[in-house]
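Here's the structure, in C-alpha cells; my notes come after.
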Amino acid sequence: MTSTIEPAGPTEPLSVEQLSETTLLRFATAGSVDDGKSTLVGRLLHDSKSVLTDQLEAVEHASRNRGQETPDLALLTDGLRAEREQGITIDVAYRYFATARRRFILADTPGHVQYTRNMVTGASTADLTVVLVDARNGVVEQTRRHAAIAALLRVPHVVLAVNKMDLVDHREPVFAAIAEEFTAYASELGVPEITAIPISALAGDNVVEPSANMDWYGGPTFLEHLETLPVSHDLATCHARLPVQYVIRPQTAEHPDYRGYAGQIAAGAFRVGERVTVLPSGRTSRIASIDLLGEPVDVAWTTQSVTVLLEDDIDVSRGDLIVPAQDAPAITQDVEATVCHVADAPLTVGHRVLLKHGTRTVKAIVKDIPSRLTLDDLSLHPHPGRLVANDIGRVKIRTAEPLPVDSYADSRRTGSFILIDPADGTTLTAGMVGESFASPEPVRAGADDDGWDF
1 MTSTIEPAGP
11 TEPLSVEQLS
21 ETTLLRFATA
31 GSVDDGKSTL
41 VGRLLHDSKS
51 VLTDQLEAVE
61 HASRNRGQET
71 PDLALLTDGL
81 RAEREQGITI
91 DVAYRYFATA
101 RRRFILADTP
111 GHVQYTRNMV
121 TGASTADLTV
131 VLVDARNGVV
141 EQTRRHAAIA
151 ALLRVPHVVL
161 AVNKMDLVDH
171 REPVFAAIAE
181 EFTAYASELG
191 VPEITAIPIS
201 ALAGDNVVEP
211 SANMDWYGGP
221 TFLEHLETLP
231 VSHDLATCHA
241 RLPVQYVIRP
251 QTAEHPDYRG
261 YAGQIAAGAF
271 RVGERVTVLP
281 SGRTSRIASI
291 DLLGEPVDVA
301 WTTQSVTVLL
311 EDDIDVSRGD
321 LIVPAQDAPA
331 ITQDVEATVC
341 HVADAPLTVG
351 HRVLLKHGTR
361 TVKAIVKDIP
371 SRLTLDDLSL
381 HPHPGRLVAN
391 DIGRVKIRTA
401 EPLPVDSYAD
411 SRRTGSFILI
421 DPADGTTLTA
431 GMVGESFASP
441 EPVRAGADDD
451 GWDF
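Here the sequence shown is numbered in the numbering used here, starting from 1 and rising by one per residue.
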C-alpha cells in the first residue's frame, strides 16, 4: 500500500511518489520573545492538516492541565519540558511537513538574546527566514538583530510576519508603518527580497486561509507564499563542488579495478567527460563515469550523492575537493571570515583549534580577532581579543594545510566551516568565509605558539 501524507485543503492525499516530485523549501522562524513564533508554526501545521491525531490529543491534554480551554498550538513545537513550563522556545525545533505543492523543513528558533547562536544554526541552511513582529510593539532591538543575522547568513528571502493584528483591531496603518520601517532597515543590510504579511497566528488570520478581518490586504497568505516562492538553484552559474567523503575500492573479481570517489555534490553540476581538478593537490583528469544509486548517469547536480570515476589513476582521498578544471577556488592557509561563537568557553587569539571544511579537517590557529559586531546598531568593537557565546565577529585563521575555500557570498556550502576543540571535539564556532559588515584588515605579524607552528 502506498503511504500518504495529508496535504492542505480538501484535496486527495499526497502519495510518496508525488512528494518526491515536489520542491523542497527550508525555512526558519525568528523573532522576539512572545511574538508568537511557536504559535504560528503550530497554527501552520494544524491548519495545513500536518498534525497527527495523537499529537493533537497530547497538546489538548497538556493545554487542559495548564488550565487553557483551547489547545495551545505552540506546544506542537516547544518539545522541551523547560520550554513548556516557561512558555518560551529554548532550542531549535525542526519539523517536516508537506502540502500538495511543496515539501518543507522548518526550523523554529528561540527569540532570547542568549540563544542567538541557535538562530544561526537554524537559518544557516534556510532558503527563507520568517521574522515575526508583535504588531503592538513594532520593530524592536531583537527584530533588527535577526534581520542582521539573516543578512550575514545570505538568506535569499525574508518574510516579515506582523503578528497579533487582532490586538490592534486589524488596522492597516499599523501594519504599513512596521513594514516600511523593517524593509528600510533590512534593505540597508543587503537582504535581497522582503515580503510583509499581516497575520494573527492565534486566530489563524492569513496563515493558511485569507482573513475576513483584513480585507485591505490583497497579498498571499503565509502558506501560499511559502508554497509559491521560487527556489531556484541555477546550475549554470553555481561553482560545481564535490567534497570526497569516501573512496570505494571493492577489489572483487567482478570489479578488480573499480576506484570511485563518493560524496554529496555541494554545489553545481558534474557531467561525464568533464575535465576536473582534485584539490588541494591540483591534479587533473576527466570524469569517466558517474554512478547514482548504483546506476550510471550522464549528469548529476547539487545535493545528489554520487560516485565519480576518473579516467586517470590519481591520488584522491577523503577530504579532497573535486571541481571543474576551469572553475577552481583559491587555495590558501590564511582564512578570513565572519564567525558566530557557539560554545560557552570563549574563543581567544592564539586559540588552537581544528577547522572542518566540507569533509576535510585540519589543525589551525586563531591569529587575530579584528572586531566584534554589535548587532543592535551594526557598530564594530575593534580587537576585542576574544569572542564569547553568541558573539559575532571577524577572525583571521592560519591553517596547517592549504584549503580550497569559496567565499560564503558565492557558496553557502563550500564557503562555510566550523571550528572544533581538539581536546574534546566540542563545536566552538561557525564561520563564513569572506567579507561581511566588518572591514578586512591585514593579519598582524607575530610568532606562532610552540607546537602549532605553521
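Cβ atoms here follow ideal geometry from the backbone N, Cα and C, with glycine treated the same way.
Contact belief for residue i with residue j at Cβ below 8 angstroms, rounded distance in angstroms
i: residue 25; j: residue 159; result: At roughly 12 angstroms, the Cβ-Cβ gap does not stay under 8 angstroms, so residue 25 and residue 159 are not in contact.
i: residue 368; j: residue 349; result: 6 angstroms
i: residue 44; j: residue 321; result: No, residue 44 and residue 321 are not in contact; Cβ-Cβ is about 38 angstroms, not under 8 angstroms.
i: residue 285; j: residue 312; result: 4 angstroms
i: residue 276; j: residue 261; result: At roughly 10 angstroms, the Cβ-Cβ gap does not stay under 8 angstroms, so residue 276 and residue 261 are not in contact.
i: residue 384; j: residue 398; result: About 19 angstroms separates the two Cβ atoms, so there is no contact after all.
i: residue 151; j: residue 28; result: The pair is not a contact, with the Cβ atoms about 14 angstroms apart (cut-off 8 angstroms).
i: residue 39; j: residue 202; result: 6 angstroms
i: residue 240; j: residue 323; result: 6 angstroms
i: residue 340; j: residue 418; result: In fact, because the Cβ distance is near 10 angstroms, the residues do not count as touching under 8 angstroms.
Within-8 angstroms CB hit, residue i to chain D
i: residue 390; result: Of the protein chains in this structure there is only one, and it is not chain D.
Sequence-distant residues of the same chain with beta carbon closer than 8 angstroms to residue i, five excluded per side
i: residue 409; result: 154, 415, 434 and 435
i: residue 179; result: 160, 162 and 196
i: residue 420; result: 353, 354, 355, 356, 361, 426, 427 and 428
i: residue 220; result: 197 and 228
i: residue 147; result: 131, 158, 182, 185, 186, 189 and 191
i: residue 143; result: 31, 32, 131, 133 and 182
i: residue 298; result: 271, 272 and 290
Residue environment, residue i, which counts as buried when at least 16 other CB atoms sit within 10 Å
i: residue 317; result: exposed
i: residue 82; result: Note that residue 82 scores a pLDDT of 40, beneath 50, so its modelled location is shaky; the value from the coordinates is reported in the next line. Label assigned to residue 82: exposed.
i: residue 406; result: buried
i: residue 543; result: The requested residue 543 does not occur in the structure, where the chain is confined to residues 1 to 454.
i: residue 365; result: buried
i: residue 292; result: exposed
i: residue 122; result: buried
i: residue 444; result: With a pLDDT of only 37 at residue 444, under the threshold of 50, the placement of this residue in the model should not be trusted; the figure read from the coordinates follows. Flag for residue 444 reads exposed.
i: residue 305; result: exposed
i: residue 236; result: Here the model assigns residue 236 a pLDDT of 47, short of 50, so the residue's position is not dependable and the matter cannot be decided.
i: residue 377; result: exposed
i: residue 136; result: exposed
i: residue 358; result: buried
i: residue 294; result: exposed
i: residue 351; result: buried
i: residue 172; result: exposed
i: residue 254; result: exposed
i: residue 314; result: exposed
i: residue 336; result: buried
i: residue 98; result: buried
i: residue 423; result: exposed
i: residue 218; result: exposed
Sequence-distant residues of its chain with Cβ nearer than 7 angstroms to residue i (five each side left out)
i: residue 402; result: 280, 331, 332 and 333
i: residue 156; result: 127, 192 and 193
i: residue 289; result: 272, 296 and 309
i: residue 140; result: 32
i: residue 229; result: 25, 128 and 157
i: residue 243; result: 263, 266, 321, 358 and 359
i: residue 412; result: 154
Where the alpha helix (DSSP H) containing residue i begins and where it ends
i: residue 118; result: 116 to 123
i: residue 38; result: 37 to 47
Cutoff 6 angstroms; reference residue i; Cβ partners in own chain excluding five residues on either side
i: residue 145; result: 375
i: residue 250; result: 258
i: residue 346; result: 386 and 388
i: residue 274; result: 287
i: residue 283; result: 314
Residue i - containing beta strand (DSSP E), residue span
i: residue 136; result: Careful: residue 136 lies outside any beta strand (DSSP E) and carries neither H nor E.
i: residue 195; result: 194 to 198
i: residue 174; result: It is not in any beta strand (DSSP E) - residue 174 instead sits in the alpha helix (DSSP H) that spans 172 to 188.
i: residue 367; result: 360 to 374
i: residue 228; result: Not the beta strand (DSSP E): residue 228 falls in the alpha helix (DSSP H), residues 222 to 228.
i: residue 398; result: 392 to 405
i: residue 336; result: 330 to 341
i: residue 264; result: 260 to 264
i: residue 357; result: 352 to 357
i: residue 217; result: Looking at the DSSP string, residue 217 is not in any beta strand (DSSP E), and its letter there is neither H nor E.
i: residue 293; result: Run containing residue 293: none; DSSP gives neither H nor E here.
i: residue 165; result: From DSSP, residue 165 is part of no beta strand (DSSP E); its letter is neither H nor E.
i: residue 279; result: 275 to 279
i: residue 108; result: 102 to 108
i: residue 381; result: 379 to 382
i: residue 246; result: 246 to 248
i: residue 305; result: 305 to 310
i: residue 321; result: 321 to 324
i: residue 208; result: Element bounds for residue 208: n/a, residue is neither H nor E.
i: residue 271; result: 269 to 271
Cβ-heavy atom distance, residue i to the ligand MN, below 7 angstroms
i: residue 180; result: For the structure depicted, the ligand MN is absent and the ligand set is empty, with no information on it obtainable.
When you compare the region 205 to 225 with the region 261 to 280, are there three or more beta-carbon pairs, one atom per stretch, that lie closer than 8 angstroms? no
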